[in-house]
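Counting from 48, one number per residue, gives the positions in the sequence shown under our numbering.
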Amino acid sequence: MPTEPASRLEPLTPVLGRWRTSGSVLDDAGEATASIAGTDVYALLPGGHWIAHDVDVRIGGERVVLHEVIGGVHGDGGWQMHAFDDAEQPGVMRLTLEEPGVLLLHGDGVRSWFRVGVDGDHLTARWERLVDDRWLPWMDLRLDRG
Numbered sequence: 048m049p050t051e052p053a054s055r056l057e058p059l060t061p062v063l064g065r066w067r068t069s070g071s072v073l074d075d076a077g078e079a080t081a082s083i084a085g086t087d088v089y090a091l092l093p094g095g096h097w098i099a100h101d102v103d104v105r106i107g108g109e110r111v112v113l114h115e116v117i118g119g120v121h122g123d124g125g126w127q128m129h130a131f132d133d134a135e136q137p138g139v140m141r142l143t144l145e146e147p148g149v150l151l152l153h154g155d156g157v158r159s160w161f162r163v164g165v166d167g168d169h170l171t172a173r174w175e176r177l178v179d180d181r182w183l184p185w186m187d188l189r190l191d192r193g
């Protein structure tokens with residue numbers, strides 16, 4: 048029997064599924080310096096309270112693999128995010144629903160705006176990093192379902 052999402056996760060259900068990921072790493076002026084290509088998979092975990100997010104992309108010539116879990120309640124509102132890559136400690140972030148179809152990821156010195164396309168078959172993400180108290184462009188991504 049398939050797991051149904053907990054009501055708290057309902058706003059995140061549009062991201063569930065397999066996505067083809069493409070995009071660019073940007074310099075401080077917003078110019079592309081490296082390409083990004085690969086896959087992102089978002090799947091509901093048993094019980095429906097958490098989502099597993101698996102990333103397998105190439106950034107320039109380097110392969111990046113990451114496993115993330117999204118769910119629960121963050122103390123500042125929204126959902127908890129715990130990202131596991133080759134680092135010794137997981138990255139801890141927060142995800143909030145800013146308006147229907149727009150999610151904001153808040154991390155240590157990074158943020159990203161995720162926008163779900165009206166057709167539900169694509170989403171875009173604009174990553175920014177904090178440098179000297181200014182938000183600068185970092186990555187532009189497009190995810191297409193499939």
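We put the beta carbon where it would ideally sit given N, CA and C, even for glycine.
query                                                                                                                                                              : result
By how many angstroms is the C-alpha of Ala172 removed from the C-alpha of Arg162?                                                                                 : 6 Å
Tell me whether Trp182 is buried or exposed, calling it buried when 16 or more other Cβ atoms sit within 10 Å of its Cβ.                                           : exposed
I'd like the span of the beta strand (DSSP E) that includes Pro52, first residue to last.                                                                          : Neither: Pro52 is in no beta strand (DSSP E) and is coded neither H nor E.
In this structure, does DSSP put Leu63 in helix, strand or coil?                                                                                                   : coil
Determine the direct distance from the alpha carbon of Met140 to that of Gly108, and round the result to whole angstroms.                                          : 27 Å
Cβ of Asp123 within 7 Å of Cβ of Val112?                                                                                                                           : no
Taking the beta carbon of Glu115 as the centre, do at least 16 other beta carbons fall within 10 Å, making it buried, or is it exposed?                            : buried
Are Gly118 and His96 close, meaning C-beta to C-beta below 7 Å?                                                                                                    : yes
From Asp179, Val62, Leu56 and Arg192, pick the residue whose C-alpha is nearest to that of His100; which is it?                                                    : Val62
Take Pro137 as the anchor and find which of Thr143, Ser159, Glu145 and Gln127 has the nearest alpha-carbon.                                                        : Gln127
So, for Val149: in the same chain, excluding its five sequence neighbours on each side, which residues have a beta-carbon less than 6 Å away from its beta-carbon? : Arg162
From this set, Ser159, Gly167 and Val178, which residue's C-alpha is nearest Asp191's C-alpha?                                                                     : Gly167
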